[in-house]
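In this note's numbering, the protein residues as written are 10 to 301.
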């Protein structure tokens, strides 16, 4: 059923790095919700499986002394969805995590696996893009910190070197402090479905009720998750309100390049992207205290 050459359970991060160096065909397995499916379908075969699932040092969420939020790469979606720190400081990430698959998948799937598989539809990836997340990678040459926007190289490919594993996703304090966000996933079903398009927005208002900063990121609007910089720039300094939401959406669709597929046409995805941008910024502004 599963065509693999060897299996090893890492005892520590250092042990995982050692195993990767010793086995050129090694594949890291965390929760297994992606890797096992690929192996069963024969898209992945004759690999050396290195399991990191037992490494509790890579689980959990903590608020660092500098205010950054550190999420261990083995932290499950269920943990993120219900975590007190996440719900208090970045509830938009809790919202995104709660849309992944069904309860069983959320219990075993991890944020590390969701970002490392490199797919554009990953439910937490767009929110991590909108929050300027930093990916921590640990390997034989030490620790690297890579902005998530540079971590995704192309469809299905991320910037992980052969002897590295992802050890954390870090949300910088400046990217979430006094920000309010909203995540939306458009799919044919409410659960157990891949996004036709997803969109994560957050906004920070100044004391006068104007938009100090807005962020928007999409999944399935291009080959990798992507920010819409034109939209973010277009509303900076504008009063919070309906006009800002529509200007935001008009600019957002100039930055995206969705494709036609059996799930949806390019034209439909652009239509959805515009609508989700309007709704996302409107709800984010309301959560920030604006009256709309």
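No residue lacks a Cβ here, since even glycine has one placed at the ideal position from N, Cα and C.
For the set 152, 131, 182, the Cα lying nearest the Cα of residue 164 is the one of 131. The DSSP-derived three-state label of residue 47 is helix. By the Cβ criterion, the stretch 170-189 is not in contact with the stretch 237-249, since fewer than three pairs of Cβ atoms, one from each stretch, lie closer than 8 angstroms. The stretch 179-193 and the stretch 73-93 touch, with no fewer than 3 CB-CB distances between them shorter than 8 angstroms. A straight line joining the alpha-carbon of residue 204 with that of residue 264 spans about 19 angstroms. Membership of residue 137 in the alpha helix (DSSP H) is indicated by the continuous run 134-139.
For residue 185, the enclosing alpha helix (DSSP H) starts and ends at 182-185. Judged by pairs of C-beta atoms under 8 angstroms, the stretch 275-295 touches the stretch 194-210, as three or more such pairs exist. In terms of Cβ geometry, residue 18 and residue 63 form a close pair [threshold 8 angstroms]. Unbroken alpha helix (DSSP H) stretches of 4 residues or longer found wholly inside the stretch 105-168: 112-117, 120-125, 134-139, 157-160, given in chain order. Spatial neighbours of residue 42 in its own chain (CB-CB distance under 8 angstroms, excluding positions within 5 residues in sequence) are listed in chain order as 110, 114, 117, 118, 122.
Note that the C-beta distance between residue 236 and residue 138 is below 8 angstroms.
A direct Cα-Cα distance of roughly 41 angstroms separates residue 94 from residue 55. A Cβ-Cβ contact shorter than 8 angstroms links residue 210 with residue 225.
The C-alpha of residue 294 is placed about 44 angstroms away from the C-alpha of residue 50. Pairing residue 231 with residue 129 gives a Cβ-Cβ distance under 8 angstroms.
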